[in-house]
Amino acid sequence: MVKMETSKAKKKWKREYYIRNKEKYSIWAKLDYLKRQGRFKIGEECEKCGKKQQLVMHHEDYKKPFKIMVLCRFCHQKLHKST
Ligand SMILES: [Zn+2]
Ligand SMILES: [Zn+2]
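Here is the structure:
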C-alpha cells in the first residue's frame, strides 16, 4: 500500500512539474521537430570547451526560443551553478 502511495505522489509531482514547465516543453518539442526536418541547426560542439558529447541546449531566455547556447553537460551544470 505504502509503495503505491509513493508512486502516486511521484506521478502527481511529475504532472505538476510538467504543467509548471509546459512552456519549456513546448519550446523543446518545437525545436526537436524543426531539427528533425532539417530546418533548424544547432552547433555540434560545446561553445565553452569544444566537447562533442553529451550536448544540451541552454536557453538564456525562454521568450527567445531560438537563442540557444550549445553546451556539454558539464559546462551547462557549471553555468547554472554560477547564476
Ligand atoms: Zn563544455
Ligand atoms: Zn540551461
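For the sequence shown, our numbering gives the first residue as 1, with consecutive numbering after it.
Ideal placement from N, C-alpha and C gives every residue a C-beta, glycine not left out.
Remember, predicted model here, so these are calculated numbers, not experimental data.
| Item | Value |
| --- | --- |
| Coil, strand or helix - Cys75 by DSSP | helix |
| Close Cβ partners of Glu47 (< 7 Å) along its chain, the five nearest in sequence each way excluded | Met69, Val70 and Leu71 |
| Endpoints, alpha helix (DSSP H) assigned at Lys67 | It is not in any alpha helix (DSSP H) - Lys67 carries neither H nor E in the DSSP assignment. |
| Endpoints, the alpha helix (DSSP H) within which Ile27 is located | Lys22 to Arg36 |
| The segment 4 to 15 / the segment 48 to 63 touching (three or more Cβ pairs under 8 Å) | no |
| Under 8 Å between C-beta atoms of Lys24 and Tyr62 | yes |
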